[in-house]
Amino acid sequence: MKKFSLLLLLGFLLNACASVENLDKSAVVDKEPEQSLYAQPKLVVGVVVDQMRYDYLTRFWDLYTDRGFKRLINQGFNCKNNHYNYVPTYTAPGHASVFTGTSPQVHGIIANNWYDKQEKKKVYCVDDNTVNGLGTTLAAGQMSPKRLETTSIADQNRLHTQFRGKSIGIAIKDRGAILPAGHSANAAYWFLGGEEGKWISSSYYMNELPSWVQNFNANEPAKKYLNTWNTLLPIAQYTQSGSDANAYEFGFKGKENPDFPYNLAKLAPENGGYDILKATPFGNSLTLDFALAAIENEALGKDQDTDFLTLSFSSPDYIGHNFGVNAKEIQDNYLRLDLEIAKLLEYLDTHIGKGEYTLFLTADHGAIHVPNYLKDQKIPAGYVSSSDLKKRLKNYLGEAHANVNLIENTSNNQLFLNHELIQEKNIDALALAEDIKAFLLAQPEISRVFTRSEIEMNAATEKTKLLVQNGFHQKRSGDLVFGFLPNYISYPEKGSTHGTGFNYDTHAPLLFYGKGIRKGSSFNKTYITDIAPTIAALLGIANPNGTTGEVIVEVLD
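If you're matching positions, the sequence shown starts at 1 in the numbering used here and goes up one per residue.
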């Protein structure tokens, strides 16, 4: 009986052990894999191409290599219907909006320059006389992001990583480097031309330039690009642009015709010294050279915390203003920029690792065809004389109100009323604004006018008014906002410009590539303010504090 009991107990224990073992195995097999809440690229690179129209991707497609723009599109995600959702479409508000996820209404960068109603003078978007230049004693170094009222996505990454993740901004233009990198950036660098040809910063970021920047400048990085600018490919292949020398281009001082080739060393003395490089594709090359040096020397993407590089190619804007969007010079610029993008991607593959970085590419605004060119093709277009318009308005105020000084300032298609004089004369400001609106609408070149009281209702349902509303800052903007007819600009009669809410200015490329990004494309409408929240979602970090854009869900893997 005892033997039987012992055998029974032994059998029970063996069975129990087997059951426990099977239970453990079952638990291991059935355990759900942990879902990743976010991607963690080693480096995020935010690329802005200044004045890049979306159709530059399609117009020049056949001559692009497979390694630059085509790689981003074929292996990344292309938002084909991406637009700016405000006016004015200028460089400073464009760069600010890309990286803050909101419009000038919130981030406060309403233009490149604007009239400050408190200081009674024009101010520049990033000027700051409380800081000193690094690498220069000129005022060109006295810059900071102090006028930007919100955080950027780079700021949010710094906050999320307890400031271990680095943030660096680079561009030829100061505003293209400073605004994207945000308030807490480790550094922002911009290019000083003239006789210097070097990269500078300000004491806002550090006490002195890092030794690697000093060494980079000591090697005279711009000097090697003062050579001849000729077409990358035989010019006969440039069939997606107009004739080489034409009446719609400025060109450079010291050269009779705006046609290839350009002897930059010979032309430099009459065109600002090293500043001439800004209006050539070699400005892009110079920018990328410095960016790659920054990645290496700042060890970006080399630890567990995501770093952020904001990189703006400013030269396409200078070239567009100089030659116009249909120029051979524009086509050559983008074929060469394609090679720079390829060089950047290949460098990141090698030094950061394939699949270890995320990159997006967009533009700060588009550009208009040269109106004189459009007129010659029987397309309605023209030019507005701002001085003549001001004169007409002044004469009207003198006749209708017996006072020509009721307007304090006119800038960026905005009128600022002289409220001190209006109060002194006991004039009804609202009635005066409506009266001026009626006068402006009667002018042949004006298409729309909105008063401050209309805009502040924030009840826009019509597209044009919504664009104005999104670009209107209550404290910084004027009392009336007006717009010209399509294809009408206040600009010299050569070259292209931008600033309106029309499609040629609002439609910008938006390409996402790399870690956490799906392959594909979409015609769904997206807005420039959607970029920052999309990157924030990818990184699993908080949106910039003023964000009004939405996550582009279809982009994320």
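A virtual CB, placed ideally from N, CA and C, is assigned to each residue, including glycine.
Going by the DSSP bridge assignment, what does residue i pair with across the sheet?
{"i": "C79", "result": "S522"}
{"i": "H507", "result": "H83"}
{"i": "G273", "result": "G194"}
{"i": "A96", "result": "Paired residues: none, contrary to the question."}
{"i": "L359", "result": "V45 and Y513"}
{"i": "M143", "result": "D127"}
{"i": "Y347", "result": "Beta-bridge pairing links Y347 to no other residue."}
{"i": "F482", "result": "V449"}
{"i": "T410", "result": "L415"}
{"i": "Y383", "result": "I489"}
{"i": "N263", "result": "T228"}
{"i": "N122", "result": "With the sequence shown as reference, residue 122 is identified as Lys, and Asn is not the correct amino acid for it. Partner(s): Y115."}
{"i": "G133", "result": "S202"}
{"i": "L556", "result": "I517"}
{"i": "Y527", "result": "H83"}
Based on Cα-Cα distance, which residue from the options lies nearest to residue i?
{"i": "S521", "options": "L466, Y383 and F77", "result": "F77"}
{"i": "V47", "options": "T239, Y513 and A542", "result": "Y513"}
{"i": "I295", "options": "S167, K494, M52 and I110", "result": "S167"}
{"i": "Y274", "options": "G254, K223 and N322", "result": "K223"}
{"i": "L480", "options": "P444, E434 and Y396", "result": "E434"}
{"i": "D338", "options": "Y64, G355, L233 and S386", "result": "Y64"}
{"i": "K378", "options": "F308, E445, L43 and N487", "result": "N487"}
{"i": "K120", "options": "L361, P221 and E420", "result": "E420"}
{"i": "S202", "options": "G251, Y225, A140 and N219", "result": "A140"}
{"i": "A532", "options": "L417, Q40, D62 and S97", "result": "S97"}
{"i": "K193", "options": "K253, P269 and S152", "result": "Reading off the sequence, residue 193 comes out as Gly, not Lys. Comparing Cα positions, the closest option is P269."}
{"i": "L464", "options": "S453, M457, S447 and Q474", "result": "Strictly speaking, residue 464 in this sequence is Thr, with Leu absent from that position. T464 has its Cα closest to that of S447, out of S453, M457, S447 and Q474."}
{"i": "A342", "options": "D428, Y318, I73 and F191", "result": "I73"}
{"i": "K122", "options": "G478, T239 and T100", "result": "G478"}
{"i": "L277", "options": "K425, D66 and N322", "result": "N322"}
{"i": "H401", "options": "N413, G382, V553 and N426", "result": "N426"}
{"i": "N85", "options": "Y262, A429, E462 and E298", "result": "E462"}
{"i": "G495", "options": "L539, E329 and G516", "result": "E329"}
{"i": "D116", "options": "V553, H473 and A431", "result": "H473"}
{"i": "A236", "options": "E408, E340, I407 and D332", "result": "D332"}
{"i": "K515", "options": "N263, T100, V384 and V555", "result": "V555"}
{"i": "F69", "options": "L389, L361 and Y347", "result": "L361"}
{"i": "T306", "options": "Y318, D349, G283 and Y357", "result": "Y357"}
{"i": "N186", "options": "E408, P281, L309 and Y396", "result": "L309"}
{"i": "G471", "options": "N403, G398, Q414 and N263", "result": "Q414"}
{"i": "I170", "options": "A188, N157 and R476", "result": "A188"}
{"i": "D127", "options": "Y204, R53 and Q40", "result": "Y204"}
{"i": "Q40", "options": "N215, A536, S211 and N217", "result": "A536"}
{"i": "Q51", "options": "N458, F482, G324 and K437", "result": "G324"}
{"i": "V213", "options": "P104, A291, G320 and V551", "result": "A291"}
{"i": "R518", "options": "S490, I552 and P492", "result": "I552"}
{"i": "A293", "options": "K173, E424 and L348", "result": "L348"}
If residue i sits next to residue j, beta carbons under 8 Å apart, how far is it from one beta carbon to the other, in whole angstroms?
{"i": "T526", "j": "L510", "result": "6 Å"}
{"i": "F450", "j": "V468", "result": "5 Å"}
{"i": "I578", "j": "L179", "result": "Outside the modelled stretch of the chain, which goes from 1 to 557, sits residue 578, for which no answer is possible."}
{"i": "H498", "j": "T58", "result": "Wrong, their Cβ atoms sit about 19 Å apart, outside the cutoff."}
{"i": "T136", "j": "E196", "result": "7 Å"}
{"i": "H107", "j": "L148", "result": "6 Å"}
{"i": "G546", "j": "T91", "result": "About 19 Å separates the two Cβ atoms, so there is no contact after all."}
{"i": "H160", "j": "T506", "result": "At roughly 31 Å, the Cβ-Cβ gap does not stay under 8 Å, so H160 and T506 are not in contact."}
{"i": "S241", "j": "N326", "result": "6 Å"}
{"i": "G251", "j": "P258", "result": "3 Å"}
{"i": "P544", "j": "D155", "result": "7 Å"}
{"i": "H95", "j": "G165", "result": "In fact, because the Cβ distance is near 20 Å, the residues do not count as touching under 8 Å."}
{"i": "A381", "j": "L374", "result": "4 Å"}
{"i": "L267", "j": "N227", "result": "Between N227 and L267 the Cβ distance is about 11 Å, and since that is not below 8 Å, they are no contact."}
Using a Cβ cut-off of 7 Å (strictly closer), state whether residue i contacts chain D.
{"i": "T461", "result": "In the structure shown, chain D does not exist; there is a single protein chain."}
Kindly confirm or deny that the segment 361 to 375 and the segment 499 to 506 touch, where touching means at least three C-beta pairs closer than 8 Å. yes
As an exercise, report each continuous alpha helix (DSSP H) stretch of at least 4 residues that is fully enclosed by the segment 304 to 344, in chain order. 315 to 323
Could you tell me whether the segment 300 to 320 touches the segment 272 to 288, using the rule of 3 or more Cβ pairs below 8 Å? yes
Ignoring anything shorter than 4 residues, give me the alpha helix (DSSP H) runs that lie fully in the segment 226 to 256, in order along the chain. none
The segment 293 to 310 / the segment 243 to 260 touching (three or more Cβ pairs under 8 Å): no
Uninterrupted alpha helix (DSSP H) stretches inside the segment 438 to 462 (no shorter than 4 residues): DSSP runs (the alpha helix (DSSP H)) wholly in the segment 438 to 462: 452 to 456.
Could you say if the segment 180 to 189 and the segment 145 to 160 meet the contact criterion of at least three C-beta pairs nearer than 8 Å? yes
Curious, which full-length beta strand (DSSP E) runs of at least 3 residues does the segment 148 to 218 contain? Within the segment 148 to 218, the complete beta strand (DSSP E) runs of at least 3 residues are 167 to 171, 187 to 192 and 198 to 202.
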